[in-house]
Amino acid sequence: MNVFRILGDVSHLLAMIILLLKIWRSKSCAGISGKSQILFALVFTTRYLDLLTNFISIYNTVMKIIFLACSYTTVYMIYGKYRNTFDSENDSFRLEFLLVPVTGLSFLENYNFTPLEILWTFSIYLESVAILPQLFMISKTGEAETITTHYLFFLGLYRTLYLANWIWRYHTESFYDQIAVVSGVVQTIFYCDFFYLYVTKVLKGKKLSLP
Amino acid sequence: IIAKTPHDEL
C-alpha cells in the first residue's frame, strides 16, 4: 500500500459521494447518465465476487462493500426514487457497442480461463469504457452542471493516481498487472479532454459548456 | 514480473 494507491481510492470514494450528494440535495439526477452508473454497478459486482472467496485485508473488504453500496444506491436514485428527473432522452449511448467487445475481449485476453478470472477481466475492461455514456451525454447536451464536473474530475484523478501507483509498485515490488495497466491507461486517456475543459473553464468559475 | 492473484487492488 502506497500513498498513490490510498489517495486514488479516496478520490474514487469522493467521486461517488459527490455524485450521491448532488442527487440527494437537488433531488434530481438531471445530466447524469444512468447507463454509465449501471455499467459501474456491473463493474463492481463482477470484480468483487472475490469478497466471497478471498480475504485480502479489512481495508480491502470494507472499501469493496462501500463501493458496491454507493454504486447501487446511485442506480436506485436514478431509476427508482428520482426517475422522473432522469433525462433518458439524452442518455442514448448504445450499451451493446461496449458490452459486446468487452465480453469478447475478456474471454480472449485473461490470466486464467476460469469464471471468476474472466469476470474480473471483464470488469477491468468494462471500467475503462464505462464513463463513455456520461461523456457522450455531455457532448450531446453541450453542458454539464459544475457539481457533475467535480464528480468527473475526482473519477479521472483516481485513474491518474492509480497509474502512479502502478509505476511505484513496478519499481518497489516488481508488481506488474498488464491487463489493469493497459486498461488503466486507456481509461485515463478518455479523461484528458475533460481535464482540459475542467482546468480552463470550471476552475475559473465558468460553467462547462461546449461550443 | 507478473500480477499476483488474488487481485489486491480495488
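Same order as they appear, the protein sequences are chains A and B. Quick note on numbering: the first sequence equals residues 25 to 235 in the numbering used here. Quick note on numbering: the second sequence equals residues 10 to 19 in the numbering used here. Glycine included, C-beta positions come from ideal geometry on N, C-alpha and C.
Item                                                                                                                : Value
N-terminal and C-terminal residue of the alpha helix (DSSP H) that Asp33/A is part of                               : Val27 to Ser50
Neighbourhood of Ile41/A by C-beta, 6 Å cutoff - its chain only, sequence neighbours within 5 removed               : none
CB-CB length for Ile148/A against Ser207/A, believed under 8 Å                                                      : 5 Å
Cβ-based burial, Phe68/A [other Cβ within 10 Å; buried from 16]                                                     : buried
Chain B contact residues for Trp264/A, given Cβ-Cβ distances below 7 Å                                              : In the structure displayed, chain A extends from 25 to 235; residue 264/A sits before or after that span and is not available.
Buried versus exposed call for Thr196/A [16 or more other C-beta atoms within 10 Å across all chains shown]         : exposed
Beta-carbon gap between Gly32/A and Ala168/A smaller than 7 Å                                                       : no
Phe28/A: contacting residues in chain B (beta-carbon distance under 7 Å)                                            : Here the premise fails: no neighbours, minimum Cβ distance about 11 Å.
Minimum Cβ-Cβ distance from Asn108/A to chain B less than 7 Å                                                       : no
Residues near Leu179/A in its chain [Cβ-Cβ closer than 8 Å; skip 5 each side]                                       : Ser35, His36, Ala39, Ile155 and Tyr215
Where Ala154/A sits in the DSSP three-state scheme                                                                  : coil
Below-7 Å beta-carbon distance, Ile155/A vs any chain B residue                                                     : no
contact_flag[the region 62 to 82 of chain A, the region 138 to 147 of chain A] where n(CB pairs < 8 Å) is 3 or more : yes
Cβ pair count under 8 Å reaching 3, the region 218 to 234 of chain A against the region 156 to 176 of chain A       : yes
Classification of Val226/A by the beta-carbon crowding that lies within 10 angstroms, buried from 16 upward         : buried
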